[in-house]
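J.:
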Ligand code: ATP
Ligand code: MG
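Residue numbers (the numbering used here): 9 to 428.
1) From residue 57 to residue 314, what distance separates their C-alpha atoms?
2) So, residue 390 versus residue 364, is the Cβ gap smaller than 8 angstroms?
3) So, for residue 139: in the same chain, excluding its five sequence neighbours on each side, which residues have a beta-carbon less than 6 angstroms away from its beta-carbon?
4) Tell me whether residue 127 sits in a helix, a strand or coil according to DSSP, three-state version.
5) With respect to the alpha helix (DSSP H) encompassing residue 182, which residues constitute its N-terminal and C-terminal limits?
6) In the DSSP assignment, find the unbroken alpha helix (DSSP H) run with residue 31 in it and report its ends.
7) Excluding five sequence neighbours on each side, which residues of the same chain lie with their C-beta closer than 6 angstroms to the C-beta of residue 206?
8) Examine the ligand MG and report whether any of its heavy atoms sits within less than 7 angstroms of the Cβ of residue 267.
9) Bridge partners for residue 339 per DSSP, in chain order?
10) Who are the Cβ neighbours of residue 88 in its own chain at under 7 angstroms, not counting the five residues just before and after it?
11) Got a sec, what are the start and stop residues for the beta strand (DSSP E) residue 213 sits in?
12) Considering Cα atoms alone, identify which of 78, 32, 29 and 129 is closest to residue 18.
13) For residue 169, which three-state DSSP category applies?
14) Which whole runs of the beta strand (DSSP E) in the region 198 to 276 are 3 residues long or more, in chain order?
15) At 3 residues or longer, and completely inside the region 277 to 331: list those beta strand (DSSP E) runs for me, N to C.
16) Could you tell me whether any non-hydrogen atom of the ligand ZN is closer than 7 angstroms to the CB of residue 300?
17) Where do the N-terminal and C-terminal ends of the alpha helix (DSSP H) with residue 348 fall, by residue?
18) Using the three-state DSSP reduction, which class does residue 109 fall into: helix, strand or coil?
19) Can you name, in chain order, every residue of its own chain whose Cβ lies under 8 angstroms from the Cβ of residue 198, other than the five neighbours on each side?
20) Given that a residue counts as buried once 16 or more other Cβ atoms are within 10 Å of its Cβ, and exposed if not, what is residue 78?
21) Count the other CB atoms within 10 Å of the CB of residue 21; is the residue buried (16 or more) or exposed (fewer)?
22) Once DSSP output is grouped into helix, strand and coil, what is the label at residue 402?
23) So, residue 135 versus residue 292, is the Cβ gap smaller than 8 angstroms?
24) At a threshold of 7 angstroms, does residue 314 count as lining the ligand ATP (C-beta to nearest heavy atom)?
25) Note down the Cα distance separating residue 239 from residue 15, rounded to an integer number of angstroms.
26) Within the present structure, is the beta-carbon of residue 318 separated from the nearest heavy atom of the ligand ATP by less than 7 angstroms?
27) Here's the rule I'm using: 16 or more other beta-carbon atoms within 10 Å means buried, otherwise exposed. How should residue 166 be labelled?
This is the structure:
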């Protein structure tokens, strides 16, 4: 039995040693979003269950197997959001962000799915979500792909490749789907058990299966790209021409489909082979029918989501772990009498913009140990002698050198040294 002091499986603490990397990534993402004219929207973590059922699709893995759904004290069925698009669309409709406007929005935060926890797959994970509404042409698809390409480039991640496909219109997909089911039915025996169950529920995903026997059995299956409606085919060509103009390399993967029902036309994924089976870091596409489907005005839309855990794992592999943030100054009060003065000095140093950590009142040996553990660049032990006036022993821990300063001048002197 799980104990009270165990986190829920797959829901991870993000520890102080890791949050520096998270904060740097989040800051880089916010800066990038601003450069592309995307504004942040902050959405609730809980929505009505029916919103997800309707938006994501009743017969998808997420809705059938992965949602954290509960009845609250008012008797409403609510769900911890498994993804952000449904809530974002709900908010855009409810808050009237769509009428005559073409908002570009982003959000960051936790998502929840009851999946089998493993490396790169958690039950609480974090996404950056990016959505643009009201633009039907391939320009905004290309813009979002350029945005994600820039993001990877600026972070120093070069081994991530772009796969692209078009799912066509919902009608063309429906026609193709029937054709595919007729193709798969007589081959059911050759498919893995998962795919056998998918033939009628989710036939497009069979073509994407990694199991060798499934690949073998579907080698000459009809492909959706050959059944695209004319407008979608033109849209897809337009997107590819724009990506070529932008010099963004891509591969058309004709069996790329997404696990959510709402996509049409453009779908894309950025993948790496450095994270094992969980290699998709960014995934997205167009969902022109969704806004209407959940009760809003007819509004084309396109978006993508990026898994922050996977991106951070890749950053650590490719770029290495950044040094954790450390304090500039450690102040240790030597004996009870020095405690108030240590607190006051720490406050004055913070006034000057210095990052200070303070030690517990203690003896010399204890304070020296605490100073070392703090990893502060400079350390000072404040005893009666120091309080009486005169020169302080402000030591740079790595070099052993002393910074000349008195109680009065320390904040200013240290700040000048740190800025030098
Ligand atoms: P997968 O095929 O890996 O299950 P998905 O198609 O379910 O992915 P999306 O719903 O498109 O994923 O989510 C977008 C991104 O969010 C994924 O590409 C991935 O980086 C990340 N992601 C999805 N599920 C998880 C999870 N359980 N744990 C960590 N990251 C996840
Ligand atoms: Mg999934």
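By construction, the Cβ of each residue, glycine as well, lies at the ideal position given by its N, Cα and C atoms.
T.: So, to answer that:
1) 23 angstroms
2) no
3) 96, 113 and 311
4) coil
5) 178 to 192
6) 24 to 43
7) 213 and 214
8) yes
9) 366 and 388
10) 53, 54, 76 and 120
11) First-last for residue 213: 211 to 214, but that is the alpha helix (DSSP H), not the beta strand (DSSP E).
12) 129
13) strand
14) none
15) 288 to 294 and 309 to 315
16) The ligand ZN is not part of the structure shown, which contains the ligand ATP and the ligand MG as its ligands.
17) 347 to 359
18) coil
19) 221, 222, 224 and 225
20) exposed
21) exposed
22) strand
23) no
24) yes
25) 50 angstroms
26) yes
27) exposed
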